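Protein chains in written order, with this note's numbering: chain E, 1 to 347; chain H, 1 to 347. Working notes for the structure below.
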DNA sequence: GTCGACCCAGAGAGCGCTCTCTGGCTGCCG
DNA sequence: CGGCAGCCAGAGAGCGCTCTCTGGGTCGAC
């Protein structure tokens, strides 16, 4: 019987050390760019690395450094029970999430930190998130929570695990987060609609137990009040396209000629609903969205919308987490970003 | 000066063993559910685990088992240089990717395998992907390549690393992949348009150096030929909404009354372009898409489209990779799925 | 010329786990 | 009642790395 070919064992520090004729420690120093190594040793080691095709083993490194070099990106609170024909991927399919993930990746990648993705819906999932960090598989958590009353932020801070949130938690917690100035955004939408000459404006809100959705409503209302409008017709949505259409129906019945939808998905739904009734956007009814997601360009007229600088916010999220990992005593910090109005055709 | 509080060291196997009054080996056996452990020991260990709040350290386990329990999900060939206002996140924002990621996650999660996400554009990125697996950070690669001539599949097979592709590689390679029967899909679209009574149908293709795009064209053409139509007006797109609009313009100039767009994004673009010209869809011109992504519902009329069972395909991808990890000698396999026609309003 | 200070390479321990191997015990057969 | 097989717990090595600690060598100062 023929022998198995010798296992194609990848080379280790030891191998490199042997080839270079130096000690393991020296190779380690060179690999990690530590100072205080004589030049001829550095050269010898680099040559040996090239010859052996050495790649450091991350598990071994992680074992001793207690750093995995990865972070958990958790999307929490997706109620799969009401997920549509596209299944649990629906959250991920949300253009909003795409921008976020992109921003995260481009600020994580250069620092050689890798994101692992996790969806957290059930209590089991929540436990899994905590375990994953506790077992050292990830150094911290970047959490985007699409749900009110999400227990995860609390769970994570209780376990003293490093975490940064996208958007303000629904009750005060000692953790860092990034958010957009939602009230300012709501006010921008109001101003736009008023300046356009709309006489009767309404708002399609998101789920009001989500702080951001609430803030957009408040900002919008206050700005309308400043313009002398005391009452604003309101219809509640769930941030989905269909809910936007439904809410728009209600508002249209009340005779509005301008609508602020609290996100782009609902704005798209609103436009479709208006057009289904034979109305023209923006002449019969103007629509302003929120987010500036890719869906803003997928409808006619294209959406006028309050843009969140999501990529920048995502980068800041990553930055806050990485900073916290460097300095465990860092005090939690909130980073609030200003929205801008992107003018397209819908209002 | 006051002492630091003792480091809140998480408990290890050793600690559990001490508490349970057994050896490390026994604890390990219990934790991993190995058979042949006396019941009273199992109980003692479980009690000790509960008391100590023990969580196994993954790095240590990975070091000896040479299995990381994670896989790399690589999206390759995103040309960031031509990325739009939404930056590199644009790929991720593609609804198509959302469905894929969702499918992957839901079949990986129950097997306790975690996906880490990576974008690969430059040569550096490609090297990074290979390194990541070679350094043991991931056990294999799930690759979705949005680009023709992507070197990554070749690179990965050359390095004998486990990899599964989404969609057939552009030249034969010894690796497993999943794909949809693109020709059958193209034929479905053709049949639909013909049965609707369209007299002059055209096609908006994707980049033809991508095998799938080519196949959709071929299948479409052949089916049209079967119906006695020898010539099909063609306009090339890039799978983006805008390219769909542009291509639709060309086709409309040639007087088509039915169009097959090779993906949903372009179909949406096509509908918008038609409507911009004052045409009604589907009466003046019918449009069939491909994918059945979430964007199919974001336009009016909603898209009639050739649906890919992406979630199923993603699950199969994961399955093929996991199987390969179990059995290194597994022969590469292709899994081809049948598309279905989803009838909505646009054709 | 001698001693101390300093610098840098190597030796070696140990991170937390798995797994093989050893050895004690039980039980059954002769 | 002795011996052998079988079973199961424990001992211990070792996965590949980092990092402290040691010690040899060099140089400057007295």
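All C-beta atoms in this analysis are idealised placements derived from N, C-alpha and C, irrespective of residue type, glycine included. A quick note: this is a predicted structure, and the numbers were derived from the prediction, not measured.
Assuming residue 346 of chain E and residue 287 of chain E are in contact, meaning their beta carbons sit under 8 Å apart, how far apart are those beta carbons, in whole angstroms? 5 Å
Measure the CB-CB distance between residue 41 of chain E and residue 28 of chain E and report whether it falls below 8 Å. no
Applying a beta-carbon distance threshold of less than 8 Å, which residues of chain E neighbour residue 268 of chain H? 298
Within 8 Å of any Cβ in chain E, is that where the Cβ of residue 294 of chain H sits? yes
Report yes or no: do the segment 175 to 193 of chain H and the segment 245 to 265 of chain H share at least 3 C-beta pairs separated by less than 8 Å? yes
Say whether chain H places a C-beta atom closer than 8 Å to the C-beta of residue 275 of chain E. yes
Any beta-carbon of chain H closer than 8 Å to the one on residue 70 of chain E? yes
Against residue 57 of chain E, what residues of chain H qualify as contacts under a CB-to-CB distance less than 8 Å, listed in chain order? 63, 135, 136
Contact set between residue 241 of chain E and chain H, taken where Cβ atoms lie within less than 9 Å: 294, 297, 298
Would you mind sorting residue 171 of chain H into buried or exposed? The rule is 16 or more other CB atoms within 10 Å of its CB. exposed
What residues in its chain sit with their C-beta under 6 Å from that of residue 224 of chain H, if we drop five residues either side in the sequence? 190, 232
If you measure from the beta carbon of residue 224 of chain E to each beta carbon in chain H, is any gap under 8 Å? no
Using a Cβ cut-off of 8 Å, which residues of the segment 98 to 125 of chain E contact any Cβ in chain H, in chain order? 98, 99, 100, 101, 102, 103, 105, 106, 109, 114, 115, 116, 117, 118, 119
Any alpha helix (DSSP H) of 4 or more consecutive residues that is wholly inside the segment 238 to 314 of chain H: 241 to 253, 264 to 276
Can you tell which of E/242, E/68, E/18, E/300 has its C-alpha closest to the C-alpha of residue 132 of chain E? E/68
From this set, H/22, H/54, H/155, H/289, which residue's C-alpha is nearest residue 187 of chain H's C-alpha? H/289
Answer with buried or exposed for residue 294 of chain H, where buried requires no fewer than 16 other C-beta atoms within 10 angstroms of its C-beta. buried
Rounded C-alpha distance that separates residue 285 of chain H from residue 291 of chain H: 20 Å
Interface partners of residue 10 of chain E on chain H, CB under 9 Å: 134, 135, 136
Does the CB of residue 131 of chain H have a neighbour CB from chain E at under 8 Å? yes
If we cut at 8 Å on Cβ distances, does residue 94 of chain H have a partner in chain E? yes
Can you tell me the Cβ-Cβ gap for residue 144 of chain E and residue 313 of chain E, rounded? I've got them flagged as a contact below 8 Å. Residue 144 of chain E to residue 313 of chain E, Cβ: 10 Å. No contact.
Kindly give me the distance between the Cβ atoms of residue 55 of chain E and residue 10 of chain E, rounded to whole angstroms, as I take these residues to be in contact under 8 Å. 7 Å
For residue 157 of chain H, the three-state DSSP class (helix, strand or coil): helix
Pick from H/262, H/317, H/248, H/283 that is closest to residue 272 of chain H, judged by C-alpha positions: H/248
So if DSSP puts residue 334 of chain H in a beta bridge, which residue, or which two residues, is it bridged to? H/177
Have a look at residue 297 of chain E and residue 129 of chain E and give me their C-alpha separation to the nearest angstrom. 35 Å
What does residue 208 of chain H reach in chain E if we use C-beta pairs closer than 9 Å? Within 9 Å Cβ-Cβ: nothing; residue 208 of chain H doesn't reach chain E, min ~25 Å.
Chain E residues whose Cβ lies nearer than 7 Å to that of residue 60 of chain H: 63
Counting contacts by CB-CB distance shorter than 8 Å, is residue 346 of chain E in contact with chain H? no
How is residue 114 of chain E classed by DSSP in three states: helix, strand or coil? strand
Residues near residue 311 of chain H in its chain [Cβ-Cβ closer than 7 Å; skip 5 each side]: 99, 102, 103
Suppose contacts are defined by Cβ-Cβ distances below 8 Å. Is residue 168 of chain E in contact with residue 211 of chain E by that definition? yes
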